[in-house]
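Below is one structure; the comments refer to it alone.
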Amino acid sequence: MSSVEPKDVVQRYFEALAAGESDVVRESWAEDGSCWYAGDLPISGTWQGRDQVIDGFLATAFAHLDPEREIGVRVTNVFGEGEQVFAEWDSWATGKTGRAYDQKNSAVFVVRDGKIVTMREYADTQHWERALVADPR
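Numbering of the sequence shown is given in the UniProt record's numbering, commencing with residue 1 and proceeding in unit increments.
Below, the structure is given as structure tokens:
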């Protein structure tokens, strides 16, 4: 049993994402962890297993961002009880489309034994599509 608080695990995960510490990001997830994202986007659906979360969900999301421009994430709120943690964060970037991405995100995490086992993320999927995927209208 891990003595690390679930909120601390989630906070560390976001700090690692922001710092580009891919090893810490990977270590944050349980081997059988899963991630769910709403909508009909390249990142939507359920990603099962740590490799799919990291090499599928996160890699697909980052593949839509311009790596030459600033990519940021800032946690604005984290709270939880027991193994469940709710987090809110801002994320920003420029898409490979050349359009600005500026998003408010939230997710419910379940953390067991110091590892994230599930994440259900909620965000404005229309903004994601307009900024990062769709042709301008």
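All C-beta atoms, glycine included, are put in the ideal place defined by N, C-alpha and C.
- A direct Cα-Cα distance of roughly 21 Å separates Glu27 from Gly82.
- Arg74 counts as exposed, since fewer than 16 other beta carbons sit within 10 angstroms of its beta carbon.
- Lys104 and Glu21 have their C-alpha atoms roughly 22 Å apart.
- Counting along the chain, Ala107 sits inside no alpha helix (DSSP H); it lies in the beta strand (DSSP E) bounded by residues Ala100 to Arg112.
- Taking the Cα of Asp51 as reference, the smallest distance to any Cα among Arg112, Asp113, Val25 and Thr94 is reached at Val25.
- By DSSP's assignment, Lys115 forms a beta bridge with Arg112.
- Contact check for Val78 against Val4 fails: the beta carbons are separated by 9 Å or more.
- CA-CA distance, Val53 to Thr94, rounds to 22 Å.
- At a Cβ-Cβ threshold of 9 Å, Asp102 and Ala61 do not count as neighbours.
- Taking C-beta separations shorter than 6 Å and ignoring five residues to either side along the sequence, Ala19 has no partners in its chain.
- Using a Cβ distance threshold of 9 Å, Gly49 and Lys115 do not count as a contacting pair.
- Under the three-state reduction of DSSP, Thr60 is assigned to helix.
- In the assembly as shown, Thr118 is a buried residue. Its beta-carbon has 16 or more other beta-carbons within 10 Å.
- Sequence-distant partners of Asp66 (beyond 5 residues in either direction) whose C-beta falls short of 8 Å from its own C-beta, in its chain, are Ala93, Thr94, Gly95, Lys96 and Gly98.
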